[in-house]
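See structure below.
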Ligand SMILES: [Zn+2]
């Protein structure tokens, strides 16, 4: 856990207070939520200082930090995608189409659910997040509460579609493992499943075209270099709900982009469901329910394409942007070096390539591990773009604290 409380005074204690002698807090310490006694554990190497339950104790029933209950709750709300194994691990399956929504009509609508939206031909439920992403966000949030305690992290697995299960940490990267992901991407490792990056927004910035983007981390060391972790989109509405301090789980095709300055580990989100976010409720310090931005409208897509087209004919007076000029939808096979931005010359402009970005970069249907690495992926049945989302319902999902109790689903 990254927090605890003094039992006598109820004063919150942060993991970063662990270390000095004498201790700046009074023992015994208890769980930040229930009354179970916890012990400070000093960090070592990549493991940060954190609190763990004292020997022989466990979290009380109903405590948000109780792994057994939370694992069962996540499995219950996962529409069949997350399973508790015999060993008590939680295994999250990534469906072939990670954006797939359950067949709502056959799912009994919870009677306490007031968020069901029905339009002419669709029924959807706020916050429009596919269950695979919702479950992943709940796991990430739970691990965050535990201060990424390796003993807790190891209770989670991910099973990419058609592949063997992998450790949670090979699917979802958090601040302490960003460098691992950077290195995997930098050496062009073939990664045949979507990747998730979990973090807290450091700041929101704008590129030279005035488009906002989120910095999740800056100047992260990796070997003898440093890099930034950025979340970008051609659609401002996907970034606008985020602010410094917002917690984010961003899923998709993370790649390394070399700039004349500091390389970027980044995701270009094209769909609302690629970004799950939640806040810390100031009243109790606990994370709120994950939500996501409203779906991108057909109008937004058309505008983004028009902007991209307007920017493209920069290099030469070619009357028509011939379609033969690949719009550079990031080729997946490793052979070709990164499609270089035409002119990486301008030095004061860290992001000169925005206009050259593919306007659609959903996680690509990737070759399965089994397929020969040398074989270029069969022209992927182009991004299974979900049908243009239904017009967003009038009320935008409120990013504000919805109460952490909702975490346990809607059961009373
Ligand atoms: Zn507890």
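Numbering (our numbering), first residue to last: 1 to 412.
Built from N, CA and C at the ideal position, the CB exists for glycine as well.
The structure presented is a predicted model; accordingly, all values stated were derived computationally and were not measured.
Proximity to residue 136 [Cα-Cα], best of 168, 149, 128 and 163: 168
Whole-angstrom distance between residue 241 and residue 256, CA atom to CA atom: 24 Å
Nearest-angstrom beta carbon gap, residue 78 and residue 130 [assumed within contact, 8 Å]: Incorrect: roughly 11 Å between the Cβ atoms, too far for contact.
Alpha carbon of residue 3 to alpha carbon of residue 50, nearest angstrom: 8 Å
Residue span of the alpha helix (DSSP H) that contains residue 452, given as start and end: Outside the displayed span of the chain (1 to 412) sits residue 452, for which this structure offers no information.
Strand pairing of residue 199, partner residues [DSSP]: 248
Distance cut-off 6 Å: residue 286 Cβ against heavy atoms of ligand 1: no
Own chain, CB closer than 6 Å to residue 233, minus 5 neighbours either side, in chain order: 239 and 269
7 Å Cβ cutoff met for residue 41 and residue 28: no
Backbone secondary structure at residue 278 - three-state DSSP: strand
Segment contact, 8 Å Cβ cut-off, at least three pairs: the region 285-303 with the region 270-277: yes
Residue 415 - containing beta strand (DSSP E), residue span: Past the boundaries of the shown model lies residue 415; the chain is included only from 1 to 412, so the question cannot be answered.
Segment contact flag, the region 177-185 with the region 85-101, C-beta cutoff 8 Å, min 3 pairs: no
Pick from 155, 285, 246 and 64 that is closest to residue 82, judged by C-alpha positions: 155
Residue interval of the beta strand (DSSP E) (run including residue 255): 255-257
Supposed close pair residue 285, residue 12 - CB separation, criterion 8 Å: 7 Å
Assumed close pair residue 159, residue 91 - CB separation to whole angstroms, cut-off 8 Å: 6 Å
Extent of the continuous beta strand (DSSP E) to which residue 213 belongs: 212-222
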